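Below is one structure, written out as structure tokens; comments come after it.
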Amino acid sequence: MSRIAPCLWFDGKAEEAARFYVSLLPDSRIDAVTPYSVELPGGSPGDVMSVEFTLAGSSYIALNGGPGFSFTPALSLFVHCADQAEVDRLWEALLDGGTPQQCGWVTDRYGVSWQVVPTALGRMLKDEDPARVRRVMEAMLRMVKLDLGALEHAYRGSAAA
């Protein structure tokens, strides 16, 4: 059976980035590091060519492909967070050397975009009451880092404390 593993293209920072990412989430690990055996734009013999890693139970590959490509927010890693504490912890870690974006997005120090989102937001946005969904969406659009308490207040239609 075929499996899909996203391949993230880096310019010399594949192993550093993979080690950082696996430090953030449970059920994460470095699975293999493969060196270059010949000279290529991404590296010389002995340099790290690729890193296979597991992030929260899913397989990824980080490739040192050279300066030819860079990341855009058109592809992001979406993290379902159990609670505000997890949102805060991941947000702060990813923000170290990175850039905050609107609506729970952050671009990390390697240029990879992440969406750090409390799981409850998905439930709120799927509610059958369009007024609740609208209030939650309007609240979220005013946020940078997502605030679960404020989103829940919007969902209930009550003022934030």
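Residue numbers (my numbering): 26 to 186. For each residue, glycine too, the CB sits at the ideal point set by N, CA and C. All of these numbers come straight from a predicted model, not from anything done at the bench.
With DSSP as the reference, label residue i as helix, strand or coil.
{"i": "residue 45", "result": "helix"}
{"i": "residue 97", "result": "coil"}
{"i": "residue 180", "result": "helix"}
{"i": "residue 37", "result": "coil"}
{"i": "residue 137", "result": "coil"}
{"i": "residue 131", "result": "strand"}
{"i": "residue 173", "result": "helix"}
Spatial neighbours of residue i within its chain, please: C-beta separation below 7 Å, excluding the five flanking residues on both sides.
{"i": "residue 54", "result": "47, 78, 79"}
{"i": "residue 39", "result": "73, 75, 76, 87, 88, 89"}
{"i": "residue 115", "result": "49, 104, 106, 141"}
Just list the residues that DSSP pairs residue i with in beta bridges.
{"i": "residue 55", "result": "78"}
{"i": "residue 73", "result": "60"}
Quick one: what's got a C-beta closer than 8 Å to residue i's C-beta in the same chain, skipping five residues either side?
{"i": "residue 126", "result": "98, 132, 138, 169"}
{"i": "residue 35", "result": "42, 87, 88, 89, 90, 135"}
On a CA-only basis, which of the options is nearest residue i? Give me that one, please.
{"i": "residue 52", "options": "84, 64, 31, 111", "result": "84"}
{"i": "residue 183", "options": "167, 157, 171", "result": "157"}
Please list, in chain order, all residues of the same chain as residue i whose beta carbon is under 6 Å from its beta carbon, the five residues on each side excluded.
{"i": "residue 102", "result": "139"}
{"i": "residue 31", "result": "85"}
Just checking my contact of residue i with residue j at CB under 8 Å: how many whole Å lie between their CB atoms?
{"i": "residue 128", "j": "residue 165", "result": "6 Å"}
{"i": "residue 141", "j": "residue 119", "result": "7 Å"}
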